[in-house]
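Student:
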Amino acid sequence: MLWEILWRRKISFSLGFCILFSVTCILWQRNPFAKGAAYFGKLADELGRAINSGLSIPGELWVRVDQYQDLQQKYEQAQKRLEEYRLEKDKFDALNRENQKLRDALEFPPMEGVKELTAEVIGVRLNSISPRLLIRAGSADGIRPFMPVICKAHDENKNLIRAVVGIVAITGEHTSVVQPLIHPGFTMGVRMPNTGQWAIYSGNSGSVTRGVLTYLSSDSFANRTVYKDPRVEIKKTPVYTSGQAGLFPPDIPVGLITGEGNPEGEFRTAMVEPYAPIDRLDTVVVLLKEPAAWSQKFEDDKIEDNLVTEFGPPVFPDLPEVERKLKKQEEARKAQQEKADDPEVDEPEKQPEPQGPGPRRRIENVTPGAGQ
Numbered sequence: 212m213l214w215e216i217l218w219r220r221k222i223s224f225s226l227g228f229c230i231l232f233s234v235t236c237i238l239w240q241r242n243p244f245a246k247g248a249a250y251f252g253k254l255a256d257e258l259g260r261a262i263n264s265g266l267s268i269p270g271e272l273w274v275r276v277d278q279y280q281d282l283q284q285k286y287e288q289a290q291k292r293l294e295e296y297r298l299e300k301d302k303f304d305a306l307n308r309e310n311q312k313l314r315d316a317l318e319f320p321p322m323e324g325v326k327e328l329t330a331e332v333i334g335v336r337l338n339s340i341s342p343r344l345l346i347r348a349g350s351a352d353g354i355r356p357f358m359p360v361i362c363k364a365h366d367e368n369k370n371l372i373r374a375v376v377g378i379v380a381i382t383g384e385h386t387s388v389v390q391p392l393i394h395p396g397f398t399m400g401v402r403m404p405n406t407g408q409w410a411i412y413s414g415n416s417g418s419v420t421r422g423v424l425t426y427l428s429s430d431s432f433a434n435r436t437v438y439k440d441p442r443v444e445i446k447k448t449p450v451y452t453s454g455q456a457g458l459f460p461p462d463i464p465v466g467l468i469t470g471e472g473n474p475e476g477e478f479r480t481a482m483v484e485p486y487a488p489i490d491r492l493d494t495v496v497v498l499l500k501e502p503a504a505w506s507q508k509f510e511d512d513k514i515e516d517n518l519v520t521e522f523g524p525p526v527f528p529d530l531p532e533v534e535r536k537l538k539k540q541e542e543a544r545k546a547q548q549e550k551a552d553d554p555e556v557d558e559p560e561k562q563p564e565p566q567g568p569g570p571r572r573r574i575e576n577v578t579p580g581a582g583q
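Residue numbers (the working numbering): 212 to 583.
1) Rounded to whole angstroms, what is the Cα-Cα separation between Gly422 and Val325?
2) Check this for me: beta carbons of Gly400 and Ser453, under 7 Å apart or not?
3) For Asn473, which residues from the same chain have a beta carbon less than 8 Å from its beta carbon, with the 5 sequence-adjacent residues on both sides left out?
4) Of the residues Asn338, Met358, Pro391, Ala380, which one's Cα is nearest the Cα of Leu328?
5) Could you give the distance in angstroms between the alpha-carbon of Ala410 and the alpha-carbon of Val450?
6) Ordered along the chain, which non-local residues of its own chain (more than five positions away) have a Cβ less than 7 Å from that of Arg219?
7) Run through the DSSP bridge pairs and tell me what Glu475 is partnered with.
8) Measuring CB atoms only, is the stretch 459 to 470 touching the stretch 373 to 383, in the sense that at least three cross pairs come out at less than 8 Å?
9) Along the beta strand (DSSP E) that carries His365, what are the first and last residues, could you check?
10) Just the C-alpha distance for Lys447 and Pro485, rounded to the nearest angstrom, thanks.
11) Might you give, ordered along the chain, the residues of its own chain that have their beta carbon closer than 6 Å to the beta carbon of Ile333, omitting 5 neighbours on each side?
12) I think Ala487 touches Ala351, with their Cβ atoms under 8 Å apart; what is that distance to the nearest whole Å?
13) For the beta strand (DSSP E) that contains Leu345, what are its first and last residues?
14) Determine whether the beta carbon atoms of Thr382 and Ile354 lie at a separation below 7 Å.
15) Bridge partners for Ile468 per DSSP, in chain order?
16) Take Glu384 and list the residues in its own chain whose beta-carbon comes closer than 8 Å to its own, dropping the five residues that flank it on each side.
17) Please state the DSSP three-state secondary structure of Gly252.
18) Compare the Cα-Cα distances from Arg482 to each of Glu367, Phe303, Ile445, Pro464 and report the closest residue.
19) Looking at the structure shown, is Arg421 part of a helix, part of a strand, or coil, going by DSSP?
20) Under 6 Å Cβ to Cβ from Gly466, same chain only, skipping five residues before and after it: list those, please.
21) Please say whether Pro391 and Asn415 have beta carbons closer to each other than 7 Å?
22) Can you tell me the Cα-Cα spacing of Thr436 and Val443, whole angstroms?
23) So what does DSSP say about Val325, is it helix, strand or coil?
24) Does the Cβ-Cβ distance between Leu272 and Asp490 come in under 7 Å?
25) On the DSSP bridge list, what partners appear for Ala374?
26) Taking Thr398 as the reference, which of Asn405, Leu298, Ser413, Val496 has the closest Cα?
27) Taking C-alpha atoms, which residue in Val360, Pro404, Asp366 lies nearest to Val388?
Shown next, in the form of structure tokens:
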């Protein structure tokens with residue numbers, strides 16, 4: 212019965228429920244209790260954030276104190292390092308003064324520093340039969356062939372050193388070609404102070420990253436030209452330039468021995484990994500040092516030895532007529548220059564020839580073709 216009544220008046224009940232719910236919602240929003248609850252909720256959120264910030268202050272303060280302590284320790288270490296450097300500088304100055312006194316007492320020639328020139332590397336070619344480096348410096352900057360080239364590198368202990376790169380092969384006006392020490396035709400004398408040994412370094416090792424030591428011998432037997440001592444451990448031994456009147460100054464690091472190679476007769480061989488990062492160079496330093504005087508004499512003697520054979524000295528053909536005239540003109544010019552440089556040589560006075568008719572006239576008439 213009740214259901215039938217509700218069903219007949221369902222539209223009225225639905226409309227009444229909607230109106231009642233809407234009025235209730237409007238009254239609830241304007242209710243001060245609801246506003247108070249919302250306000251206290253916001254206040255609780257602000258208070259929670261404030262409490263969290265207050266609790267985080269000690270943590271941040273502790274972090275700042277810890278950072279300050281680290282900075283203080285680093286500062287103290289830097290001060291100690293600076294003091295050590297000052298002491299090292301004082302030791303170096305004292306040793307330098309003592310060395311100068313000993314050189315003066317032994318009448319050694321004065322030490323002359325080698326001038327240096329920093330050049331930019333503008334080209335690298337290593338994966339070829341003839342590795343080369345191209346630098347932006349040439350003859351206009353004072354660079355000449357056979358001048359040594361070095362760079363900054365790191366040794367096996369990560370210390371900053373100056374290592375060998377190669378030599379200047381060809382010079383242009385503003386560019387030069389450097390032959391690196393891994394080039395197959397590169398050779399130089401080296402020594403190993405740790406083992407007291409000497410050797411010849413060569414880039415002809417069959418590898419683009421390593422060199423080879425040949426004729427590895429010891430200086431402990433001065434009267435023996437052949438020496439082989441397998442008891443001397445050479446692996447991980449640093450190699451330096453010998454400086455025996457060659458191209459490079461002495462004691463410049465070359466590389467580190469990585470292993471022993473196949474022996475050549477009575478001599479040991481070893482593989483060397485250069486210190487210089489040749490494939491990653493941006494700049495190099497050219498030592499403006501001319502080769503030793505004996506090197507030019509050695510080249511001249513070698514050419515002379517190749518020219519003189521068992522058949523005697525070479526016989527060159529006569530020069531052509533034009534070259535002969537040019538050679539005579541050059542000799543005459545040199546003779547005149549020598550006379551001009553040496554004015555003390557007295558020349559015989561020449562008798563002036565008579566002018567006008569006379570013997571000179573008769574001689575001209577007698578000379579064939581004079582009247583033509």
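Think of the CB as a built atom: it goes at the ideal place given N, C-alpha and C, for glycine as much as any other residue.
Tutor: Reading from the atomic positions:
1) So the alpha carbons of these two residues sit roughly 27 Å apart.
2) yes
3) Non-local beta-carbon contacts of Asn473 in its own chain, meaning distances under 8 Å to residues more than five positions away in sequence, involve Thr480 in chain order.
4) Met358
5) 9 Å
6) none
7) Phe478
8) yes
9) 359 to 365
10) 12 Å
11) Leu345, Arg347
12) So it is not a contact: roughly 26 Å between Cβ atoms.
13) 343 to 346
14) yes
15) DSSP, once it has assigned bridges, lists Val483 as partnering Ile468.
16) Gly349, Ser350, Ala351
17) In the three-state DSSP reduction, Gly252 falls in the helix class (H, G or I).
18) Checking the displayed sequence, the identity of residue 482 turns out to be Met instead of Arg. Nearest of Glu367, Phe303, Ile445, Pro464 to Met482, Cα basis: Ile445.
19) coil
20) Val450, Val483, Glu484, Pro485, Tyr486
21) no
22) Because the pLDDT of Thr436 is 46, which lies under 50, any placement of that residue in the model is unreliable, and the question is left without a value.
23) Three-state DSSP puts Val325 in coil, outside helix and strand.
24) In this structure, Asp490 does not lie closer than 7 Å to Leu272 by Cβ.
25) Cys362
26) Ser413
27) Val360
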